[in-house]
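In UniProt numbering, the protein residues as written are 1 to 112.
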Amino acid sequence: MDNSANTLLKDPAVLPEKGREVVVFFIDKEMMSPIVYCQDCKEWHSKKGNLKEEMIHQWAYLDEFYQSLSMPEVSAERLEKLRAKKPITIFDAIFQAVEELSKEPKENPIYH
C-alpha cells in the first residue's frame, strides 16, 4: 500500500474527529457511508443503526476519501433538487396503474 493510502485509511482504534462523516470498510469487504462516530455514547452511527465495532476493518474521512478518487463534486443545487424529489410510494404506483387501466376501453373478449 502506498503512503497516501496509509494516511487516508485508519484503524478503528483511532477515533474520528467529532461530527465528521466517515466511510467504513468492514472485514467482509463491504463498505458503508456516511457514518458518524459519537464520542458521547461511543458508537458508530449509520442511517440503518449502530455498527458492530468488531466488524470494522478500516475507515476514512468521507470528504478525503472522495477527494482521493478525484471524483467531481455534485453541485449543491443538484443535490437539493434530488433531496426535494418525492419518492414514489407503493400506494402511488398501484393507484397510477389502476388509473391507467381504467382509461382503456372496456372490452370483454368473451363476447366477441
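Yeah, the Cβ is synthetic: ideal placement off N, Cα and C, and Gly gets one too.
CA-to-CA distance, residue j to residue i, given in whole angstroms
| i | j | result |
| --- | --- | --- |
| Lys29 | Glu99 | 45 Å |
| Gln96 | Leu79 | 27 Å |
| Trp59 | Ala13 | 10 Å |
| Met1 | Phe65 | Per-residue confidence for Met1 stands at a pLDDT of 47, beneath the threshold of 50, marking its modelled position as unreliable; the derived number appears in the next sentence. Cα to Cα, Met1 sits roughly 15 Å from Phe65. |
| Thr89 | Thr7 | 43 Å |
| Ile94 | Asp40 | 45 Å |
| Arg20 | Met31 | 17 Å |
| Ala76 | Lys42 | 31 Å |
Nearest neighbour of residue i, chosen from the options [CA to CA]
| i | options | result |
| --- | --- | --- |
| Gly49 | Pro34, Gln58, Leu69 | Pro34 |
| Val24 | Ile94, Cys38, Glu53 | Glu53 |
DSSP bridge partner residues for residue i (one or two, in chain order)
| i | result |
| --- | --- |
| Lys10 | Trp59 |
| Ser46 | Gly49 |
| Leu21 | For the sequence presented, residue 21 should be read as Glu rather than Leu. Its beta-bridge partners are Val36. |
| Phe26 | Ile56 |
Local conformation of residue i per DSSP, three classes
| i | result |
| --- | --- |
| Val74 | coil |
| Glu54 | helix |
| Ile90 | helix |
| Met1 | Note that Met1 has pLDDT 47, beneath the 50 cutoff, so the model's placement of it is unreliable and the number below is only indicative. In the structure shown, Met1 sits in coil (DSSP, three-state: anything other than H, G, I, E or B). |
Cβ of residue i within 8 Å of any chain C Cβ
| i | result |
| --- | --- |
| His45 | The question asks about chain C, but that chain is absent: this structure has only one protein chain. |
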